[in-house]
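In the order they appear, the protein sequences are chains A and B. If you're matching positions, the first sequence starts at 0 in numbering that gives the first Met the number 0 and goes up one per residue. If you're matching positions, the second sequence starts at 0 in numbering that gives the first Met the number 0 and goes up one per residue.
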Amino acid sequence: MKSESCREWRESLGAYALGRLGEGERVALEAHLEGCPDCRAEAESLGAVASLLPHADPTHFEQPRPAPPADLGARIAATIGAERRSRRRRRQWRLGLGLGLGGAAAAAAAVLAIFVFGGGGSAGPAQHVAFRSLPPGVKIAATLEPRAFGTEIEMYVSGIRSGTLCRVYVRGPGGGAVSAGTFRYRWGADDTAVLSTALDLSRAEELIVHAGKRTFVAPIGGATALEDPHHEEEAT
Amino acid sequence: MPAGALTDERGVREAYAAHSAELFGFAVRSLGDAGLAEEAVQETFVRAWRAGDRFDPRIGSLRTWLFAILRNVVIDLSRARAVRPGLAGEGAPEPAVEPFDEALLAWQVEEALRRIGEQHRQVLVETYYRGRPYAEVAEQLGVPEGTIKSRVYYGLRALRVVLEEMGYEE
């Protein structure tokens with residue numbers, strides 16, 4: 000190893016890669032590089048790193064990296080949990096029908112088949128309901144799914160006082176609101192509340208949440224359908 | 000099923016803990032909006048979970064895979080933003096992919112510069128980005144000019160190590 004003798008040359012390689020050596024130093028260094036493959040390789044490697052510097056903007060990297068909101072992970076888990084549960088239900092009835100299981104399982108399949116095919120025209124995609132213009136820090140999201148009995152509602156809430164009692168209503172045509180049940184928000188409980196109402200999703204117009212003394216309302220009609228490429232596969 | 004798959008919620012949680020900060024940081028840099036970035040990161044993990052059984056660690060790292068998904072999400076979001084009602088007939092303009100790759104490169108280099116030591120970052124900012132003479136920076140910091148030169152050298156080396164750790168490939 001001749002690294003000891005190269006050490007002083009090495010420390011000039013950064014300035015050299017960035018074109019900041021004086022003329023005399025540069026000529027001397029290049030003479031050394033001529034005869035030293037190790038230093039030459041290091042100079043090339045640092046040159047490649049130096050060539051990346053123009054891509055960065057100090058106004059960005061001198062700022063701390065923006066951090067995702069603390070509850071984003073919980074919201075993602077809630078979205079995935081809701082989708083997994085609805086997917087599993089679909090798979091259950093499909094397996095029940097497809098495999099021709101005997102006894103109780105067949106009976107269960109028959110019941111589930113009624114759920115799916117005898118649902119009174121309520122079949123349709125699950126819908127996300129977005130609550131807009133919430134106070135800062137408050138997050139409410141809901142996924143509504145058409146069911147034979149009416150509508151299943153999966154709710155995610157955060158940013159309100161822990162222990163707050165939430166009452167959920169669905170408004171149908173004509174302005175009447177039907178209760179979908181209650182739940183209590185617990186701080187740190189990273190889960191969704193599952194509620195239900197007898198009102199068909201196709202007739203539901205507004206989702207209303209009374210959280211303590213506050214009331215939040217979101218329109219249901221025209222809500223975006225859950226985008227899930229597996230839905231179609233599973234339905235066939 | 001490959002280890003580290005995202006097919007269950009625990010896998011997603013672990014992937015989120017390991018990579019969400021980077022994905023979010025990049026999404027903000029690329030979309031220029033924290034709200035959109037949140038949306039993009041959420042959609043990225045939901046898509047990753049849906050396609051979890053297709054992830055193969057033999058092909059690439061989880062991080063690379065998540066960034067590839069985020070890339071598609073960002074393009075979709077940009078396309079959605081680009082579609083304006085009332086421009087029928089012309090069709091939606093193709094979202095530009097080039098700026099995405101440039102933004103990814105910029106973000107990687109910026110992220111690497113955030114991670115190197117403060118002294119190294121400082122000399123690179125002062126001498127390279129602000130273009131100040133080494134002697135002037137040496138005087139301001141009260142160190143010999145040779146120290147500035149060696150900090151530039153070790154700074155570039157540190158940057159190289161961090162970029163390698165981040166999986167940067169030329």
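All C-beta atoms, glycine included, are put in the ideal place defined by N, C-alpha and C. Predicted, not measured: the structure shown is a model, and the values here were computed from it.
Run of the beta strand (DSSP E) containing residue i, from where it starts to where it stops
i       : result
A176(A) : A176 to R183
P145(A) : K138 to R146
L206(A) : E205 to A210
Straight-line gap, residue i to residue j (C-alpha atoms, nearest Å)
i       : j       : result
E109(B) : A77(A)  : 32 Å
R62(B)  : V167(A) : 40 Å
E205(A) : L5(B)   : 35 Å
I159(A) : A111(B) : 38 Å
S195(A) : L158(B) : 55 Å
A197(A) : I79(A)  : 25 Å
E164(B) : R114(B) : 11 Å
G173(A) : T214(A) : 20 Å
G23(A)  : A14(A)  : 13 Å
C165(A) : T181(A) : 6 Å
A66(A)  : G136(A) : 15 Å
Q41(B)  : G149(A) : 29 Å
R64(A)  : E117(B) : 15 Å
V151(B) : Q139(B) : 16 Å
Simplified DSSP state of residue i, which is helix, strand or coil
i       : result
F130(A) : coil
C38(A)  : helix
T163(A) : coil
E29(A)  : helix
I74(B)  : helix
I152(A) : strand
E7(A)   : helix
S50(A)  : coil
S245(A) : In the structure as shown, chain A starts at 0 and stops at 235, and residue 245(A) therefore has no counterpart that could be examined.
S157(A) : strand
P98(B)  : helix
D52(B)  : helix
First and last residue of the uninterrupted alpha helix (DSSP H) at residue i
i       : result
F44(B)  : A33 to R49
P172(A) : Neither: P172(A) is in no alpha helix (DSSP H) and is coded neither H nor E.
L12(A)  : L12 to A16
S29(B)  : E8 to L30
T214(A) : Run containing T214(A): none in the alpha helix (DSSP H); it sits in the beta strand (DSSP E), R213 to P218.
G145(B) : E144 to E164
T196(A) : Premise fails: T196(A) lies in the beta strand (DSSP E), A192 to T196, not in any alpha helix (DSSP H).
A55(A)  : Counting along the chain, A55(A) falls outside any alpha helix (DSSP H), and DSSP gives it neither H nor E.
L5(B)   : Segment: none, L5(B) is in no alpha helix (DSSP H) and carries neither H nor E.
A125(A) : Neither: A125(A) is in no alpha helix (DSSP H) and is coded neither H nor E.
L140(B) : Y133 to L140
Close beta carbons around residue i, own chain, < 7 Å, minus the five adjacent residues each side
i       : result
K148(B) : Y133
A39(B)  : A26, L30, L69, V72, V73 and L76
R9(A)   : C38 and E41
Residues near residue i in its chain [Cβ-Cβ closer than 6 Å; skip 5 each side]
i       : result
E144(A) : S85, A125 and E151
L123(B) : G154
H31(A)  : W8
A33(B)  : V27
G211(A) : T163
Cβ neighbours of residue i in the same chain (closer than 8 Å, five flanking residues each side left out)
i       : result
Y15(B)  : F44
A137(B) : P143, E144, T146 and I147
L162(B) : Q107, V108 and A111
I219(A) : Q126, V128, L143, V169, L200, A203, E204, E205 and L206
F66(B)  : L22, F25 and L103
L20(A)  : S11, A14 and L28
G47(B)  : The amino acid at residue 47(B) is misidentified as Gly; the sequence shows Ala. Closer than 8 Å at Cβ, skipping near neighbours: L5, V11, A14, F54, W64, L65 and I68.
Task: Length at least 3, wholly inside the region 101-129 of chain B: the beta strand (DSSP E) runs in chain order - done: none
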